[in-house]
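See below for the structure under consideration.
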Amino acid sequence: MASQNFKLSVKSGETDGKTFWDQCGVVFVNTDAAGNITSIQVKHSMFPNVEMVAFPPRERDDRG
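The numbering used here applies: residue 64 is where the sequence shown begins, and numbers increase by one.
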């Protein structure tokens with residue numbers, strides 16, 4: 064299973080045309096061998112004790 068990591072940043076200010084950013088978290092995108100997303104995890108500084116995870120919808124057999 065492969066994983067990609069992305070930093071989350073929030074704009075903290077702007078001076079003399081320069082934009083300043085603060086890192087506020089990270090996103091982990093987990094994929095299977097075929098490259099399909101299996102889960103996404105988010106760790107955010109505003110919610111340090113909360114584990115946020117998302118999974119793609121699964122195929123359901125009862126759709127008819």
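Where is the CB? At the ideal position from N, CA and C, for every residue including glycine.
Identify, in the order they occur along the chain, each residue of the same chain with its Cβ nearer than 8 Å to the Cβ of residue i, setting aside the five sequence neighbours on each side.
i           : result
residue 101 : 64, 93, 94, 95, 118, 119
residue 77  : 83
residue 115 : 104, 105, 106, 107
For residue i, tell me which candidate among the options has the shortest Cα-Cα distance.
i          : options          : result
residue 91 : 78, 122, 105, 74 : 105
On the three-state DSSP scale, how would you describe residue i?
i           : result
residue 105 : strand
residue 85  : strand
residue 114 : coil
residue 77  : strand
residue 68  : strand
residue 93  : strand
CB-CB under 6 Å to residue i, same chain, minus the five flanking residues each way: which ones, in chain order?
i          : result
residue 88 : 71, 106, 107, 108
residue 73 : 85, 87
residue 69 : 90
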